[in-house]
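Under our numbering, the first residue of the sequence shown carries the number 19, and numbering increases by one thereafter.
Have a look at the structure below before the remarks.
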Amino acid sequence: MGSEHYGTIGGSRNAEHFERFVRRANRSMGRVMREHMENQDQKFIAQALKLAKKTNPSPNPRVGAIIVKDGKIIGKGYHKAAGERHAEIIAIQETGLKAQDLSNATLYVTLEPCSHYGKTPPCTDAIIDSGIKKIVIGCEDQNPKVEGIEKLKQAGRDVTLLKDQECYEINEAFFHWIKTGKPFVMLKLAMTLDGRIATKTGDSKYISNSQSRALSYAWRDNFDAIMVGLKTILIDNPRLTSRTPGVQNPARLIVDSRLRIPLTSQVLESNARRIIATTDRYDKEKKKQLETLGVEILVLKEEKTYYVDLKQLFEGLGKQNIISIMVEGGAELATALLEKKIINKAAFFIAAKILGSGKNAFDGSGVEKMDDALQLKNVSIRKLGEDVLVVGYF
Ligand SMILES: NC(=O)c1ccc[n+]([C@@H]2O[C@H](COP(=O)([O-])OP(=O)(O)OC[C@H]3O[C@@H](n4cnc5c(N)ncnc54)[C@H](OP(=O)(O)O)[C@@H]3O)[C@@H](O)[C@H]2O)c1
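The following block contains the structure:
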């Protein structure tokens, strides 16, 4: 067909046709190439994300990096813990290659590389020195000290910023803390269709199914602390441990205005940091006993009657580099946090069960008009067996 139309290119019409054909072919080749490159970028960033998710290097962000040359992964790394080498550095070192051999390689990194001196030197310098010319970045760092993209571009590097949603999400707590100095707070509750988190006798084992519980246990590995109210300890006696073998347990945080917690509570077992926030009304003898067990006691202002001042608590924890907290109930604590607008994200596992009466998930003074209802944003829904998980942001 080509020779039929464009075989003789002497005539000007034919020449015009031919040029148009070439332009169109180039455009569609360009589009195919671009799509291929974009797919490649997404594929390798997804692999770097898997690495990033392996640890919680709090108070540092979670980062994964891989280096690809001729379609093959030749280096990979993730940031294991604060003070240790950054993901990009591990990946570069793992290649074992000199600058001239890395010039046609691509670095894929989930977060904008750092450009400032922290506990380690700037990654941008190491990337520039490595000889790598092309860098694909999952998302920008919201830490105002970081200007990695700018610095790499100034050094003549080819930088692609994907603005990938999951790359932002894995560091949502870090971004919140770096901007506000306060921990990112996620409330997680299991409730029935009629909004109950326990029966009228206080029984809540179990509202959600095993799939939902496995997911919420796995979330514990991403948080610095797991928080509950005293009555949840008294009624449920939870352990609040990680269920992933080999993973460090998050700290446990309990609000207990008079230190009524039993010394035999499972949550006090010494396999993690344990923090009890209390008020001036605390039991002096109990404080000594708890401290002997290694429990940290924070004495804070009292508000309402017998309530620990939650704002003061969270500000203090932010200063201690606790950047993320998952609150696992109960209702009194959830309501107090909601009313104080302290919750950033909520995850509700809703079981297709009805109790008829029981403990409401929230039991505050409430609002009078629908217009005043608290509206979750960016809501996502997932089905887990017969349960439904609703996640959203305040
Ligand atoms: N379905 C679920 O996801 C789920 C999760 C957890 C618990 N639960 C259920 O919920 C029930 C327990 O919840 P709950 O609402 O009775 O109690 P809670 O929220 O677990 O604990 C509330 C207690 O914490 C202490 N506290 C101190 N400062 C506070 C503050 N600023 N805000 C709130 N509380 C503060 C108070 O005791 P002091 O006055 O002594 O300090 C308060 O009475 C149990 O039946 C449990 O099984 C269900």
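Using N, Cα and C, we set each Cβ at its ideal position, and we do this for glycine too.
The structure displayed is predicted, hence computed values, not measured ones.
**Prompt:** Does DSSP put Leu115 in a helix, a strand or coil?
**Reply:** coil
**Message:** Using only the alpha-carbon positions, how far apart do Gly388 and Arg400 sit?
**Reply:** Residue 388 is actually Met in this sequence, not Gly. In a straight line, the C-alpha of Met388 is about 26 angstroms away from that of Arg400.
**Request:** Leaving out five residues on either side along the sequence, give the residues of the same chain with a beta carbon under 8 angstroms from the beta carbon of Arg299.
**Result:** Ser275, Arg276, Glu320 and Tyr324
**Request:** Buried or exposed for Ile372, please, with buried defined as at least 16 other CB atoms from any protein chain shown within 10 angstroms of its CB.
**Result:** exposed
**Prompt:** Is Ser222 near ligand 1, judged by its Cβ being under 6 angstroms from some heavy atom?
**Reply:** yes
**Asked** Taking DSSP as the reference, what is the three-state secondary structure of Cys157?
**Response** strand
**Prompt:** Pick from Ile146, Lys152 and Ile107: whose alpha carbon is nearest that of Asp88?
**Reply:** Lys152
**Message:** With H, G and I counted as helix, E and B as strand and the rest as coil, what does DSSP make of Ala236?
**Reply:** helix
**Prompt:** Which value, in whole angstroms, describes the spacing of the CA atoms of Phe36 and Phe62?
**Reply:** 38 angstroms
**Message:** Quick check on DSSP: helix, strand or coil for Arg400?
**Reply:** strand
**Message:** Need the endpoints of the alpha helix (DSSP H) that Glu303 sits in, please.
**Reply:** Lys302 to Thr310
**Asked** Heavy atom of ligand 2 less than 6 angstroms from the Cβ of Arg292, yes or no?
**Response** No copy of ligand 2 occurs in the structure displayed; its ligands are ligand 1 alone.
**Message:** Please tell me whether, using a cut-off of 6 angstroms, the distance from the CB of Thr250 to the nearest non-hydrogen atom of ligand 1 is below it.
**Reply:** yes
**Prompt:** In this structure, what does DSSP give as the bridge partners for Arg270?
**Reply:** Ile244 and Arg292
**Message:** Suppose you measure from the CA of Ala208 to the CA of Met245; what does that come to, to the nearest Å?
**Reply:** 15 angstroms
**Message:** Can you find the residues in the same chain that come closer than 6 angstroms, C-beta to C-beta, to Ala105, ignoring five residues on each side of it along the sequence?
**Reply:** Val81, Gly82, Ala83, Gly95, Tyr96 and His97
**Request:** May I ask you to report which of helix, strand or coil DSSP gives Asn378?
**Result:** strand
**Prompt:** Would you say Glu320 touches ligand 1, meaning its beta carbon is less than 6 angstroms from a heavy atom?
**Reply:** no
**Prompt:** Taking 6 angstroms as the line, does the beta carbon of Glu333 fall inside it for any heavy atom of ligand 1?
**Reply:** no
**Prompt:** Terminal residues of the continuous beta strand (DSSP E) containing Val50?
**Reply:** Careful: Val50 lies outside any beta strand (DSSP E), inside the alpha helix (DSSP H) at Ser30 to Ala70.
**Prompt:** DSSP puts Glu314 in a beta bridge; with which residues?
**Reply:** Ile293
**Asked** Can you name the start and end residues of the alpha helix (DSSP H) that Gly336 belongs to?
**Response** Leu328 to Lys337
**Item:** Whether Val430 touches Ala295 by CB criterion (7 angstroms)
**Value:** Residue 430 falls outside the range modelled here, since the chain spans only 19 to 412, and no answer is possible.
**Asked** What's the gap between the Cα of Gly224 and the Cα of Thr262?
**Response** The sequence given here has Tyr at residue 224, not Gly. For Tyr224 and Thr262, the distance between alpha carbons rounds to 20 angstroms.
**Prompt:** With distances taken between CB atoms, is the gap from Ile145 to Ala109 smaller than 7 angstroms?
**Reply:** no
**Prompt:** Among Phe366, Lys169, Pro162 and Arg292, which residue has its Cα nearest to the Cα of Phe192?
**Reply:** Pro162
**Asked** Using the rule of at least 16 other Cβ atoms within 10 Å of the residue's Cβ for burial, across every protein chain shown, is Lys68 buried or exposed?
**Response** exposed
**Asked** At which residues does the alpha helix (DSSP H) containing Thr73 begin and terminate?
**Response** It is not in any alpha helix (DSSP H) - Thr73 carries neither H nor E in the DSSP assignment.
**Message:** Taking contact to mean 3 or more Cβ pairs, one atom from each stretch, closer than 8 angstroms, check whether the stretch 211-219 and the stretch 376-385 are in contact.
**Reply:** yes
**Prompt:** From Gly136, Ser226 and Glu190, pick the residue whose C-alpha is nearest to that of Lys363; which is it?
**Reply:** Glu190
**Prompt:** Comparing alpha-carbon positions, which option in Ala100, Ala349, Gly213 and Gln58 lies nearest Lys90?
**Reply:** Gln58
**Asked** Would you call the CB atoms of Ile340 and Asp242 closer than 7 angstroms?
**Response** yes
**Distance between Met47 and Arg38 (C-alpha atoms, nearest Å)** = 14 angstroms
**Message:** Is Tyr126 close to chain D? Criterion is C-beta to C-beta, closer than 7 angstroms.
**Reply:** Here there is only one protein chain, and chain D is not present.
**Request:** Report yes if the C-beta distance between Val265 and Gly247 is below 7 angstroms; otherwise report no.
**Result:** no
**Item:** Own chain residues within Cβ distance below 8 angstroms of Gln118, not counting five before or after
**Value:** Gly149
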